[in-house]
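What follows is a short report on a single structure.
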Amino acid sequence: MLSRVGDRIYWMSRFMERAENMARLLGVTSNVVLFSTPETQQQNLLAPLTITGTGKAYFDRHAQASLPALIDFMGLDSENASSIYTCLKCARDNAHAVRWRITSEMWETLNATWIEMRGFKRDEVTGPEATRFFDWVKERSHLFRGVTYGTIMRGEAFNFSRLGTFIERADATARILDVKYHILLPRVEDVGGALDYYQWAALLRSVSSFETYRTIYRDRIYPINVAELLILDRRMPRSLAACLDQIEQSLSRVEGQNDHSAKRLAAELQARLVHGDIEEIFSGGLHEYLTEFLADVAELGRRIQRAYLGAL
Amino acid sequence: MYDEMHQGDGRTRAHYEGLAQWMASIAPDLLDEKRREADLLFHRVGITFAVYGDDEGTERLIPFDTIPRIIPESEWQHLCRGLIQRVTALNRFLHDIYHAQDILRAGVIPAEHVLTHDAYQVAMVGVDVPNEVYCHISGIDIVRDGSGQYFVLEDNLRTPSGVSYMLENRRMMMRLFPELFERYNVRPVEHYPQLLLEALHASGPRGVRDPVVVVLTPGEFNSAYFEHAFLAQQMGVELVEACDLFVKDAQVYMHTTSGHQRVDVIYRRIDDAYLDPLAFRQDSTLGVPGLLACYRAGNVAITNAIGTGVADDKSTYPYVPDMIRFYLSEEPILHNVPTWQLRKPADLRYALDHLPELVVKEVQGSGGYGMLIGPAASRAELDNFRKRIQAAPSNYIAQPTLALSTCPTFVESGIAPRHLDLRPFVLCGKECKLVPGGLTRVALTEGSLVVNSSQGGGTKDTWVVGS
Chain A
28 MLSRVGDRIY WMSRFMERAE NMARLLGVTS NVVLFSTPET QQQNLLAPLT ITGTGKAYFD
88 RHAQASLPAL IDFMGLDSEN ASSIYTCLKC ARDNAHAVRW RITSEMWETL NATWIEMRGF
148 KRDEVTGPEA TRFFDWVKER SHLFRGVTYG TIMRGEAFNF SRLGTFIERA DATARILDVK
208 YHILLPRVED VGGALDYYQW AALLRSVSSF ETYRTIYRDR IYPINVAELL ILDRRMPRSL
268 AACLDQIEQS LSRVEGQNDH SAKRLAAELQ ARLVHGDIEE IFSGGLHEYL TEFLADVAEL
328 GRRIQRAYLG AL
Chain B
3 MYDEMHQGDG RTRAHYEGLA QWMASIAPDL LDEKRREADL LFHRVGITFA VYGDDEGTER
63 LIPFDTIPRI IPESEWQHLC RGLIQRVTAL NRFLHDIYHA QDILRAGVIP AEHVLTHDAY
123 QVAMVGVDVP NEVYCHISGI DIVRDGSGQY FVLEDNLRTP SGVSYMLENR RMMMRLFPEL
183 FERYNVRPVE HYPQLLLEAL HASGPRGVRD PVVVVLTPGE FNSAYFEHAF LAQQMGVELV
243 EACDLFVKDA QVYMHTTSGH QRVDVIYRRI DDAYLDPLAF RQDSTLGVPG LLACYRAGNV
303 AITNAIGTGV ADDKSTYPYV PDMIRFYLSE EPILHNVPTW QLRKPADLRY ALDHLPELVV
363 KEVQGSGGYG MLIGPAASRA ELDNFRKRIQ AAPSNYIAQP TLALSTCPTF VESGIAPRHL
423 DLRPFVLCGK ECKLVPGGLT RVALTEGSLV VNSSQGGGTK DTWVVGS
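In order, the protein sequence lines correspond to chains A and B.
Sequential numbering from 28 applies to the first sequence in my numbering.
Sequential numbering from 3 applies to the second sequence in my numbering.
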């Protein structure tokens, strides 16, 4: 496959996954701020900005943090490179460039998504009906992944699409966990206690793992269990371990004798998660652990880019 | 005025009878409904083209008309013979002017016209191309005059486009009106990509058994990008941009996720001038440095060949009938539209005296840009054009304003006759072939003779029907 084509397919899937994660984050944010104390409300509102590093851009455009303004900025703002609007546009534009190498169903899904996106009115998205918009984004992302899985030949296009999806998801899960954990649990000594049930449930729901938590732990929500689930549990499809399983598998299927450094790093990261221990992670500091993980994933992304997809 | 569907006395022509009966039998708003459905489908699939210099959304649909244009098999056979004859002669001409130049020495075409022509590529002199074929894909524009006779209006031998619309229009018609295809024995066009791939394979460098074919596009912002992508996909070959290709040891390679792969045949949709910044325009970012050297060495095939523009230029067009006589010793089956070459003083004088009756075209122009339609022009436009002609007469040709044939077309006010043309595509690998059909373009504005999509023209499905 042409390197440029691999690059477009990889980014097409990354942007679609990014749109979904943003919708999840905004969904949970709009939910938790209703039940927050004044000080955590501010933190919760700022979380999506912190996670995407867009705080400054936001305050250049909006005087204060409010839910409608946040949703406007992260959902609809065409100037914001991390907004759902921009992600869906980028996903569609990347697909457009390679529409002849993906299936027509994939292209039509992304093109139709983009056409519908442009049809949303601001009030529909930022007002009380916002949840519908977030659900729509998630559904479109599910649809795209399903269509991809169900129609594309198992080959390089499939491999690079999967790589894009799971690199992005690993990055997003780690960021959400890092920021939310900090808000919900500012003091490390609280780690064993059961805290604000509603907030933790919302965090779990944002990564579709509330029911999974219940099934696995059959217990109250303990922060350490949440972290274990989202980092180490390979059965949980949005966990870091599950993402690395997929990344390692997809990379091992990429053909050719190009630079092996990406494959090596992926195998290494996967092994670390397979053999990871949650107590150990906490003893070194969760934030420190996640920071290092994010750096490793970024490095993996750079190596994939260099080895197969051409310079960025 | 010749109408494709109705005779002068208003009766329906025999080959339109089935369609007329069907149209009389359906609900009155069905056609409109289906047209809207087609628009939706085209949008969803993203069958669009980009319009240069248009600020609001660079992608637009080409309006699709649901009433087909029907050509009886006997007429098609005549067209087909004429087109193959013409393209064969044009290929002979191109080989000749880059080799022995017999036609110039015989004085059939002035040597200075060819040798000083902007599109004449000195780099091609003495280069032997596979099968001596230069034009692997030719789009020949055909019109009918008031009597219904077919004429060649223009040869497109560089990077003719539109074939994807021919294929998509057919697909759309079969989807919208399957019952019509039961009434008519419509000859299929769907195998065009297969014939194209065969022609490209047959054009590979000598000694390469299973050549790697690619389609070279300027990129996704090109107006015909949809078509480039479509053809690559239909043929199952890579669609490359210049940045995907590089030259090493006089061979062309592409960057892939598993290393470098050799390329043997490049179906390019980029003009000569941009192909190789080392050989042509140095500022080109669309080209591959060193490509020309590989081509001259016979290590890669480029289709269409470099330097075909000299043969399809409007100032060369008047000589094509003589080329047919010179190379094939045959009389042209399809005639040219009479043309005044304004570089000739007598022709210039005639044209200036009769400007309000004539169509004047820039010899280098295409896409309906830079032309004057005398009968439709205002006094100011005529005066303005007159000055431009006088400033550089050799840049222009003039032709009588043909009463292009019309066909019933769905427009705002209902069904009304609109002018149209026809672009069949001739493929040449080892021999020349066509699929029975072509792209019918239709001017949607009442009375308009400009069918180009860049000027708001639409398209129709084109049916060649057996009796």
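Ideal Cβ placement from N, Cα and C applies to all residues, glycine included.
Since the structure is predicted, the reported quantities are computational estimates derived from the model, not experimental observations.
If the five residues before and after N93 (chain B) are omitted, its C-beta is found closer than 8 Å to the C-beta atoms of E134, V135, Y136, C137, C430, all from its own chain and listed in chain order.
For M256 (chain B), the chain A residues whose C-beta falls within less than 9 Å of its own C-beta are L29, S30, listed in chain order. By the 16-neighbour rule on beta-carbons within 10 angstroms, S279 (chain A) is exposed. Inside the stretch 98 to 155 of chain B, DSSP marks whole alpha helix (DSSP H) runs of 4 or more residues at positions 104 to 107, 113 to 117, from first to last along the chain. Following the DSSP letters along the chain, one finds E240 (chain B) inside the beta strand (DSSP E) bounded by residues 240 to 242.
Checking the DSSP bridge columns, you'll see N338 (chain B) partnered with B:V154. Within the stretch 258 to 281 of chain B, the residues whose Cβ lies closer than 7 Å to some Cβ of chain A are T258, T259, S260, G261, listed in chain order. DSSP places L278 (chain A) in the helix class (H, G or I) of the three-state scheme. At a C-beta separation below 8 Å, F328 (chain B) has no neighbours in chain A, since its nearest C-beta there lies roughly 42 Å away.
Rounded to whole angstroms, the Cβ separation of F427 (chain B) and D67 (chain B) is 20 Å, and the two are not in contact under 8 Å. Judged by pairs of C-beta atoms under 8 Å, the stretch 314 to 334 of chain B does not touch the stretch 284 to 294 of chain B, as fewer than three such pairs exist. Counting only Cβ-Cβ distances below 7 Å, E183 (chain A) has contacts in chain B at T259, in chain order. For the options B:R390, B:A16, B:D423, B:F282, the alpha carbon positioned closest to that of V124 (chain B) is the one of B:F282. Sequence-distant Cβ neighbours of F62 (chain A) in its own chain, meaning closer than 6 Å and more than five residues away, are Y225.
For the pair of segments examined, the stretch 231 to 244 of chain B was found to touch the stretch 118 to 132 of chain A: the number of CB pairs separated by less than 8 Å reaches three. Using a CB distance cut-off of 8 Å, C409 (chain B) does not count as an interface residue toward chain A. By the neighbour-count definition (other C-beta atoms within 10 Å, threshold 16), Y176 (chain A) is an exposed residue. Minimum Cα-Cα distance from E166 (chain A) among the listed residues A:R181, A:R149, A:E143 corresponds to A:E143. Looking only at B:L424, B:F387, B:P358, B:T258, the smallest Cα-Cα distance to P402 (chain B) is reached by B:P358. When beta bridges are read from the DSSP output, Q343 (chain B) appears opposite B:I399.
As summarised for the stretch 105 to 156 of chain A, the continuous alpha helix (DSSP H) elements at least 4 residues long and confined to that stretch are 111 to 124, 131 to 146, 149 to 153, given in chain order. Listed along the chain, the chain B residues whose CB falls inside 9 Å of the CB of A118 (chain A) amount to none; the nearest CB is some 14 Å away.
Within the model, the alpha-carbon separation for G154 (chain A) versus V253 (chain A) is close to 31 Å. At a cut-off of 8 Å, the C-beta of W127 (chain A) has a neighbouring C-beta in chain B.
For chain A, the residues of the stretch 231 to 243 of chain B that bring a beta carbon within less than 8 Å of one of its beta carbons are A231, F232, A234, Q235, E240, L241, V242, E243, in chain order. In the structure shown, L360 (chain B) adopts extended strand secondary structure according to DSSP, grouped into three states.
Burial is judged here by how many other beta carbons sit within 10 angstroms of a residue's own beta carbon; D286 (chain A) has fewer than 16 and is exposed. In terms of Cβ geometry, C270 (chain A) and F160 (chain A) do not form a close pair [threshold 8 Å]. Using a CB distance below 8 Å, the part of the stretch 283 to 295 of chain A facing chain B consists of G283, Q284, N285, ordered along the chain.
Under DSSP, M373 (chain B) forms a beta bridge with B:K363. Interface residue (Cβ-Cβ distance to chain A less than 8 Å): D315 (chain B) is not classified as such. When the five nearest sequence neighbours on each side are left out, the beta carbons in the same chain lying within less than 6 Å of the beta carbon of P279 (chain B) are those of S286, G289, P291, in order along the chain.
Among the CB atoms of chain B, one or more fall inside 8 Å of the CB of Y335 (chain A). In its chain, beyond the 5 residues on either side, D273, N306, T310, G311, D314 have a beta carbon closer than 7 Å to the beta carbon of R160 (chain B). Interface flag for V234 (chain A) against chain B is unset, since no Cβ pair is found closer than 8 Å. From the beta-carbon of V281 (chain A), the residues of chain B found nearer than 8 Å are T259, S260.
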